Structure formats: C-alpha cells, structure tokens
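Novice: In UniProt numbering, the protein residues as written are 21 to 230.
Even for Gly, the Cβ is constructed at its ideal location relative to N, Cα and C.
Since we're looking at a predicted model, the values are computed, not measured.
Can you keep this structure in mind? I'll have questions shortly.
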Amino acid sequence: PRRVVVLISGNGSNLQALIDAQSYDELGGEIVAVISNKADAYGLKRAHDAGIEAVALPHREYDSREAFDGALIKVIERHQPDLVVLAGFMRILTPRFVQRYYGRLLNIHPSLLPAYPGLDTHARVLADGAEEHGVSVHFVTEDLDGGPVVMQAALKVRRGDSEERLVARIHAREHLIYPIAVRWFLEGRLQLGTEGPTLDGTALPPQGMR
Ligand code: GAR
21 PRRVVVLISG NGSNLQALID AQSYDELGGE IVAVISNKAD AYGLKRAHDA GIEAVALPHR
81 EYDSREAFDG ALIKVIERHQ PDLVVLAGFM RILTPRFVQR YYGRLLNIHP SLLPAYPGLD
141 THARVLADGA EEHGVSVHFV TEDLDGGPVV MQAALKVRRG DSEERLVARI HAREHLIYPI
201 AVRWFLEGRL QLGTEGPTLD GTALPPQGMR
C-alpha cells in the first residue's frame, strides 16, 4: 500500500477522519506515522490508539527552523512516504522542506483560499461580515497558504453564527473533503504537474473541486 505520514500540532480531528477512512479501506493507502511538534497533542493519542507510530518532535528543542525541519525530514524519511499530509500542523516549513516534498505535500486550511490566509480565519470572517466561508485542500509550495488549491467546501455564514459554531461547521467539512483528496492522490488521480494540479489528467480550476 501507498504510505502516508501525517504532521499535526494539536487535537487531530482531521487525522481522525483520515484514520477512520483508512479503517473502512477508503483512504487508498496506509498512515505509517504521525509526527507532532507538540508533545501533548491529543492527536498523538489518536494515532497510538489506532496502532500507528506516534512521534513527538518538540520544535522548542531545536535552535532554528532549519534544524527542526532537518530533524523532521530525518524522521519522515525513516517511513519512506508517498505523501506527507499536514493536518493542523501549525509550523511554517522551510523552503528546503517544501522543495523536498514538492508535489507530495498536502495541507488543509480553514478558509476559501486565496481569501483569509494565515491564522484566526474564523474570527476574521465574522469580523468582516463575510457571507461565505469554507475550507481548502492545497498542495504546499513556498508561498504560505498560496499553493495550488485541489478542493474546497464552502458554507454560508449564518446571521448570529458564533465563532464556536462556525468552527464546528468548518470542521465537519474538513473531515468530509480531506480523506477524499488524500485518496485521489494515493490512487494516482491527483497530481501536481508543471501547469498546476490535475485530476484524472484534467487541469483543476483555480478553486479546485467544490
Ligand atoms: C483545522 O481547522 C485546520 O484547517 C487548521 O487547524 C485545524 C486543526 O484541527 N489548520 C490551519 O489553520 C493551518 N494553518 P485538527 O487538529 O482537529 O485537525
């Protein structure tokens, strides 16, 4: 089976969605390791409970971003992945890392990119009174939250939506689309070509599949 390494920093609900998909044979491959830059991330327990190797690699133990990414690459390479999946991994990766996994590095971001890159997307969406919000799966490039989008799910912001409620609705959509995008990649249907991402050989639109 094709091999997946998942990087997390926290709760790992997206990791759980991927683990669940794998348990139904719907992932198209096997999660061979989960690595967290935070030792207390709940996602590490999720991995452990699923019988997946769970590795804590606290970034604070490294002097620089380069040193941390070097250590991260070493751990990842032990597992020879076909795909590296960022699932709530809250560290900026160095160009060296991004180049090494170019075309086999996916991220999920809680906004309809290119709208709302960066942090605190939900609060900003509410503060702006935006009508639409959503989630994006994209290939990671050196352009932070700017890599080519593969797939999005959109929702209408409801009048009176609290941030908590909005986050819950966003999460539900993340858990729906991330396992699909990962499966497409592992089945060889989704690729990052020189002209951008393709699905079954056809160029994806700028917003990806919706
Ligand atoms: C998710 O909402 C993901 O989109 C977001 O962190 C959350 C992690 O939740 N990622 C980013 O903001 C990336 N900059 P989870 O740990 O429960 O999967």
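Would the region 115 to 125 count as touching the region 133 to 150 if we require 3 or more Cβ pairs under 8 Å?
Specialist: No, they do not touch.
Novice: Taking the alpha-carbon of H129 as reference, which of R111, A223 and A59 has the nearest alpha-carbon?
Specialist: Measuring from the Cα of H129, the nearest candidate turns out to be R111.
Novice: Do G213 and G169 count as a contact pair if the criterion is CB distance below 7 Å?
Specialist: Contrary to the premise, residue 169 reads as Val rather than Gly in this sequence. Taking 7 Å as the Cβ cut-off, V169 and G213 do not qualify as a contacting pair.
Novice: Taking only runs of the alpha helix (DSSP H) that begin and end inside the region 135 to 169, which ones reach a length of at least 4 residues, in chain order?
Specialist: The region 135 to 169 contains these whole alpha helix (DSSP H) runs: 141 to 148.
Novice: Whole angstroms is fine: what's the gap from E162's alpha carbon to T114's?
Specialist: Between E162 and T114, the C-alpha separation is close to 8 Å.
Novice: Based on the DSSP output, what are the partners of S56 in its beta bridges?
Specialist: Paired residues: I28 and A76.
Novice: Report yes if the C-beta distance between P199 and A53 is below 7 Å; otherwise report no.
Specialist: No, they are not a contact pair.
Novice: Report yes if the C-beta distance between G108 and I39 is below 7 Å; otherwise report no.
Specialist: Cβ atoms of G108 and I39: not closer than 7 Å.
Novice: CB of G32 to nearest heavy atom of the ligand GAR: below 6 Å?
Specialist: Yes, Cβ of G32 sits closer than 6 Å to a heavy atom of the ligand GAR.
Novice: Is any non-hydrogen atom of the ligand GAR found closer than 6 Å to the C-beta of A143, if you look at the structure I gave you?
Specialist: A143: no, Cβ never under 6 Å from the ligand GAR.
Novice: Do H129 and the ligand GAR come close, with the Cβ less than 6 Å from some heavy atom?
Specialist: Checking every heavy atom of the ligand GAR against the Cβ of H129, one is found closer than 6 Å.
Novice: Based on the DSSP output, what are the partners of E46 in its beta bridges?
Specialist: In DSSP, E46 forms no bridge with anything.
Novice: Buried or exposed: A74, going by 16 or more other Cβ atoms within 10 Å of its Cβ?
Specialist: Buried: at least 16 other Cβ atoms inside 10 Å.
Novice: Verify whether the separation of the beta carbon atoms of S33 and H191 is less than 7 Å.
Specialist: Cβ distance < 7 Å, so S33 and H191 count as in contact.
Novice: Take E207 and list the residues in its own chain whose beta-carbon comes closer than 7 Å to its own, dropping the five residues that flank it on each side.
Specialist: Cβ within range, chain order: G48.
Novice: Just verifying my parser: in three-state terms, what is the DSSP assignment at V104?
Specialist: V104 falls in the strand class under three-state DSSP.
Novice: Relative to the alpha-carbon of R193, which residue among V155, P78 and Y62 has its alpha-carbon at the smallest distance?
Specialist: That would be V155, whose Cα lies nearest to the Cα of R193.
Novice: If you measure between the beta carbons of V95 and L125, is that distance less than 7 Å?
Specialist: No, Cβ-Cβ distance for V95 and L125 is not below 7 Å.
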